[in-house]
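Numbering (the working numbering), first residue to last: 7 to 295. A virtual CB, placed ideally from N, CA and C, is assigned to each residue, including glycine.
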Amino acid sequence: MKVADNVHLIAPSWSYVYLIVGEKLAFIDTGLPQYFEDIRKYVEDLGYRLQDISFIINTHVHEDHVGCNKALKDICKAKLAIHELDAKYIENPVDFLKDTFRHVPPSEDYVREAKSWKDNVDIFLKDGDIIEFGGVTLEVVHTPGHTQGSICLYDEERKILFSGDALQGTTAYVEKFGPITGLYTDLDAYIHSIQRLLSLDVDMILPGHLDIIKGSNTRKELENCLERVSYINDKILQNLQKRKMTLKELTEALEIPVDEWNLTSIESHLKYLLNKGLVKKKDAYYSLR
Numbered sequence: 007m008k009v010a011d012n013v014h015l016i017a018p019s020w021s022y023v024y025l026i027v028g029e030k031l032a033f034i035d036t037g038l039p040q041y042f043e044d045i046r047k048y049v050e051d052l053g054y055r056l057q058d059i060s061f062i063i064n065t066h067v068h069e070d071h072v073g074c075n076k077a078l079k080d081i082c083k084a085k086l087a088i089h090e091l092d093a094k095y096i097e098n099p100v101d102f103l104k105d106t107f108r109h110v111p112p113s114e115d116y117v118r119e120a121k122s123w124k125d126n127v128d129i130f131l132k133d134g135d136i137i138e139f140g141g142v143t144l145e146v147v148h149t150p151g152h153t154q155g156s157i158c159l160y161d162e163e164r165k166i167l168f169s170g171d172a173l174q175g176t177t178a179y180v181e182k183f184g185p186i187t188g189l190y191t192d193l194d195a196y197i198h199s200i201q202r203l204l205s206l207d208v209d210m211i212l213p214g215h216l217d218i219i220k221g222s223n224t225r226k227e228l229e230n231c232l233e234r235v236s237y238i239n240d241k242i243l244q245n246l247q248k249r250k251m252t253l254k255e256l257t258e259a260l261e262i263p264v265d266e267w268n269l270t271s272i273e274s275h276l277k278y279l280l281n282k283g284l285v286k287k288k289d290a291y292y293s294l295r
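Dropping the structure here:
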């Protein structure tokens, strides 16, 4: 689906792949590996071949954004670009598994899939880098929080923001996942990233999942992300008013699945509240200060 001049959205699943068509062709994220043929078909239906792809840019290192990297690179020999802080996990997925799954071990299928990402990174991106595709210019905006190396890509001329998974509290996220939503490893960094995005002049947000955001809703949805953080913090404090709790007990009390992603996110809220002096921790238990 064409979403802007020179920009196509390929959405075979809930994980989006964006195709940039300039003098050079590029992918922003590559989706899940089982949808490789859908990506190929879309490109060929436009009159191109996968061999015409020159660049692959990953907004961050999660399986639903990097899953087709290697299969595509094997065909098109594209340059792979990702932020320098997430690049290490493309080059050594075993470290990603070790650093990410600190509470609940990953499934055998997840381990196998993660190991399949292993590849060499060609371009180590950092904040402020400019990427030119011939007719399309994108600025790298480092937006840590979801992962250390999460980025957005900003087309200042057209006021378009490719947001990856930088926005974790939009209306669409809440409708899909419920009021306790958000996946981040560092809440303080996430808040600062959203505040930074609010300073940009944006007319369209092209996310990694769910609804495209346009017009005045762009600012509203960024503000919704900050409001969602406050909502979850309040819910955590309300539960800790009742009794002290471990991370697992608190996650259960919030009525969300006790998996690695939610445990990591709620832990990041607790670290934030600890730093604010609102909660304290003794052994494995959290309580109000």
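Residue nearest to residue i in terms of C-alpha spacing, selected from the options
{"i": "S274", "options": "L253, K104, A17, R225", "result": "L253"}
{"i": "I129", "options": "P112, H152, L256, A84", "result": "A84"}
{"i": "I136", "options": "R108, D105, H89", "result": "H89"}
{"i": "D217", "options": "A17, V13, K286", "result": "A17"}
{"i": "G134", "options": "V117, Y160, L243", "result": "Y160"}
{"i": "S205", "options": "G28, L246, V147", "result": "V147"}
{"i": "T36", "options": "Q244, V9, I62, T191", "result": "I62"}
{"i": "R225", "options": "I200, L38, Q244", "result": "I200"}
{"i": "D115", "options": "C82, Y196, L52, E69", "result": "E69"}
{"i": "G53", "options": "D101, I262, V27", "result": "V27"}
{"i": "Y24", "options": "P213, F102, Y41, S122", "result": "P213"}
Nearest-angstrom Cα separation, counted from residue j out to residue i
{"i": "N98", "j": "K248", "result": "43 Å"}
{"i": "L15", "j": "R46", "result": "13 Å"}
{"i": "H71", "j": "K132", "result": "18 Å"}
{"i": "V127", "j": "G155", "result": "14 Å"}
{"i": "L256", "j": "E29", "result": "52 Å"}
{"i": "L276", "j": "I238", "result": "10 Å"}
{"i": "A77", "j": "I211", "result": "28 Å"}
{"i": "S60", "j": "T153", "result": "25 Å"}
{"i": "K8", "j": "D92", "result": "29 Å"}
{"i": "G140", "j": "D58", "result": "14 Å"}
{"i": "P185", "j": "A120", "result": "29 Å"}
{"i": "G170", "j": "L31", "result": "19 Å"}
{"i": "E163", "j": "E50", "result": "29 Å"}
{"i": "K165", "j": "K282", "result": "35 Å"}
{"i": "S236", "j": "R55", "result": "46 Å"}
{"i": "E266", "j": "E145", "result": "32 Å"}
{"i": "L173", "j": "L228", "result": "7 Å"}
{"i": "P112", "j": "G221", "result": "40 Å"}
{"i": "Y278", "j": "F102", "result": "23 Å"}
{"i": "N64", "j": "L86", "result": "8 Å"}
Limits of the unbroken alpha helix (DSSP H) element including residue i
{"i": "D70", "result": "69 to 72"}
{"i": "H198", "result": "193 to 204"}
{"i": "E43", "result": "42 to 51"}
{"i": "K248", "result": "223 to 248"}
{"i": "K254", "result": "253 to 259"}
{"i": "P99", "result": "99 to 106"}
{"i": "A120", "result": "114 to 121"}
Residue j beta carbon less than 8 Å from that of residue i
{"i": "V67", "j": "I96", "result": "yes"}
{"i": "W20", "j": "H198", "result": "no"}
{"i": "K182", "j": "D125", "result": "no"}
{"i": "N268", "j": "V142", "result": "no"}
{"i": "V110", "j": "L167", "result": "no"}
{"i": "S271", "j": "Y179", "result": "no"}
{"i": "T187", "j": "N230", "result": "no"}
{"i": "T149", "j": "R202", "result": "yes"}
{"i": "L294", "j": "L232", "result": "no"}
{"i": "K250", "j": "Y291", "result": "yes"}
{"i": "P39", "j": "C74", "result": "yes"}
{"i": "L243", "j": "L193", "result": "no"}
{"i": "R234", "j": "G175", "result": "yes"}
Per DSSP, cross-strand counterpart(s) of residue i
{"i": "V285", "result": "L294"}
{"i": "H14", "result": "K8, L25"}
{"i": "H152", "result": "DSSP output for H152 lists no bridge partner at all."}
{"i": "E90", "result": "DSSP lists no partner for E90."}
{"i": "I62", "result": "F33, L86"}
{"i": "E181", "result": "Its beta-bridge partners do not exist; DSSP assigns none."}
{"i": "K168", "result": "Per the sequence shown, the amino acid found at residue 168 is Phe instead of Lys. In the DSSP output, where bridge partners are listed per residue, F168 has L159, L212."}
Start and end residues, beta strand (DSSP E) containing residue i
{"i": "E162", "result": "E162 -> no beta strand (DSSP E), and no H or E assigned at all."}
{"i": "L131", "result": "129 to 131"}
{"i": "P213", "result": "210 to 213"}
{"i": "I136", "result": "136 to 138"}
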